[in-house]
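If you use this note's numbering, the sequence shown corresponds to residues 774 to 1137, in order. Quick reminder that beta carbons are idealized off the backbone N, C-alpha and C, glycines included. Predicted model, so just to flag it, every value in this text is computed and none were measured. One structure is given below, encoded as structure tokens.
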Amino acid sequence: MSRIKVNRLDLCYNRYRGEFEEKALQVLRSGWYVLGPEVENFEKEWASYIGTKYCVGLASGLDALWIAFRALGIGAGDEVMVCGNAYIACVMGITMNGATPVFVEPDEYDNIDAEKIEEKITDKTKAILAVHLYGQCCDMGRITEISKKHGLKLVEDCAQSHGNHWGGAKAGSFGDIGCFSYYPSKGCGAYGDGGSIVTNDEEIAKKIRIIRNYGSEKRYYNVTVGTNSRLDELQAGLLRVKLKHLDELNAERVRIAQRYTKGKENPEVKLPKVRPNADSSWHQYVIHCERRDELLSYLAENEIDTLIHYPVPPHLQEAYKYLGHKRGDFPIAEKYADEVLSLPMYNGLTEADQDRVIEIINRF
Ligand SMILES: *Cc1c(COP(=O)(O)O)cnc(C)c1O
């Protein structure tokens, strides 16, 4: 019996190896490596897949976030709502512009509790960052309603939700801007770093195209202090190959998730719930267990690796001491940090390996 890893990226690569390698060679031999035809085509294909008018390729998911807020004019003195159990990059995307994150407790689906947003709105509130954590959409009905009612910008962090839906529309198509990461472990993962934003607003798309390239539209003429955040041709080419298979990859993860859900018999383990009117792309299969650390050790002793997404909520991170939060400020986010556990979940996970995971969990 070999150890079951929490993720295996080689299996997906090997499944489409011929296509990936053909594309890589084609790009390497083309003589064009940054902002060329592969990026342009990928941007068109990704926008069409998500259901938005525009997509702009960037260097990472974190860049997508901070550049999104920058393009919306959100910075020092402004407040942005974000769930208290978010990934640290979500919060850094806000604070890199000098804006202040305002944490909102998560709901039973591990995402921002939409019913707790309004009570936190002040005259400094400028935006809501809806993070679709673990492959699940936030309650986009309530959230779009609240953002419209209060005139707030809506940004979606879709780094973990490539191709899943709320009410039939895809994550990334609800807000002013949708942000994606193509880090290798994400749904549509590249083979290096990458990211993008999607939007229906031509002006925003144009602005972000300028910011990503040193603030210039016309070469050597700079209209704003921008940055260097460009998706490269090799990654864009490989992403185009991956995108062709994304729906079948997501469908496979749904089957894996269903098998976990069907197999579980341990009353101490709470399974992830899918929001009504939504589906999940199962970026992670996250269970809750009050004796999480014991369960993690028990699984490890039995040759099963797991991960905690995430062990320390952002408001308790050393990096955010300056915000002045303390333990007890967000009890639900803190409780989740103590009880969440991500089970092995990847394309190519065999039924036999999965059954071993289920058996060990049921025996715990
Ligand atoms: C991965 C991730 C990011 C950051 O993406 P990078 O490409 O690693 O910078 C942001 N938000 C969420 C929710 C993520 O999972």
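Counting along the chain, where does the alpha helix (DSSP H) carrying Met913 start and finish? Position 140 of the sequence shown, counting from 1, holds the residue named residue 913. 913-922 is the extent of the alpha helix (DSSP H) around Met913.
Pairing CB atoms from the stretch 873-887 with CB atoms from the stretch 935-945, are three or more of them under 8 Å? no
Go ahead and pull the three-state DSSP assignment for Ala932. One-based indexing of the sequence shown puts residue 932 at position 159. Here Ala932 sits in coil by DSSP.
Taking only the alpha-carbon atoms, compute the straight-line gap between Asp1051 and Asp974 and give it to the nearest angstrom. Translated into positions along the sequence shown, residue 1051 becomes position 278. Translated into positions along the sequence shown, residue 974 becomes position 201. The sequence given here has Ala at residue 1051, not Asp. When rounded, the distance between both Cα atoms is 25 Å.
Is it the case that the Cβ atoms of Thr972 and Arg985 are separated by a distance below 8 Å? Position 199 of the sequence shown, counted from the start, is the residue given in the question as residue 972. Position 212 of the sequence shown, counted from the start, is the residue given in the question as residue 985. Taking 8 Å as the Cβ cut-off, Thr972 and Arg985 do not qualify as a contacting pair.
Which same chain residues, not among the five before or five after Val829, have their C-beta less than 7 Å away from its C-beta? Numbered from 1 along the sequence shown, position 56 holds the residue referred to as residue 829. Taken in chain order, the residues that qualify are Glu816, Ser969, Ile970, Ala978, Ile981, Arg982, Arg985.
Have a look at Glu852, Ala944, Cys931, Tyr907 and flag the residue whose alpha-carbon is nearest the alpha-carbon of Asp896. Position 123 of the sequence shown, counting from 1, holds the residue named residue 896. Comparing Cα positions, the closest option is Glu852.
Run the proximity test for Lys1015: is its beta-carbon closer than 7 Å to any non-hydrogen atom belonging to ligand 1? Taking the sequence shown and counting its residues from 1, one reaches residue 1015 at position 242. Lys1015: no, Cβ never under 7 Å from ligand 1.
Excluding the 5 residues preceding and the 5 following Lys778 in the sequence, name in chain order all residues of the same chain whose CB lies nearer than 7 Å to its CB. Working through the sequence shown from its first residue, we reach residue 778 at position 5. Result list for Lys778: Asp1078, Pro1117, in chain order.
What are the boundary residues of the beta strand (DSSP E) that Leu1116 is part of? Indexing the sequence shown from 1 puts residue 1116 at position 343. Note, Leu1116: beta strand (DSSP E), 1113-1116.
For Gln1031, count the other beta carbons within 10 Å of its own beta carbon; 16 or more makes it buried, fewer makes it exposed. Which is it? The sequence position of residue 1031 within the sequence shown is 258, counting from 1. Burial call: exposed.
Please go through the stretch 1064-1130 and give each complete alpha helix (DSSP H) segment of 4 or more residues, from N-terminal end onward. 1065-1074, 1104-1112
What's the C-alpha gap between Asn787 and Glu794? In the sequence shown, the residue the question calls residue 787 occupies position 14. In the sequence shown, the residue the question calls residue 794 occupies position 21. Approximately 10 Å, taken between the alpha carbons.
Sequence-distant residues of the same chain with beta carbon closer than 8 Å to Ile840, five excluded per side: Your numbering for residue 840 matches position 67 in the sequence shown. Excluding sequence neighbours, Ile840 sits near Leu831, Ile970, Ile981, Ile984, Arg985, Thr1000, Ser1002.
Around the C-beta of Ser775, are 16 or more other C-beta atoms found within 10 angstroms, so that it is buried, or is it exposed? The count along the sequence shown starts at 1 and reaches residue 775 at position 2. Ser775 is exposed by the Cβ-count criterion.
Tell me whether Ala981 sits in a helix, a strand or coil according to DSSP, three-state version. On the sequence shown, residue 981 is found 208 positions in, with the first residue counted as 1. According to the sequence provided, residue 981 is Ile. The question's Ala does not apply to it. In the structure shown, Ile981 sits in a helix (DSSP, three-state: H, G or I).
Which residues does DSSP pair with Thr898 in a beta bridge? In the sequence shown, the residue the question calls residue 898 occupies position 125. According to DSSP, Thr898 bridges with Glu852.
Where DSSP assigns a beta bridge to Phe815, which residues make up the other side? One-based indexing of the sequence shown puts residue 815 at position 42. DSSP output for Phe815 lists no bridge partner at all.
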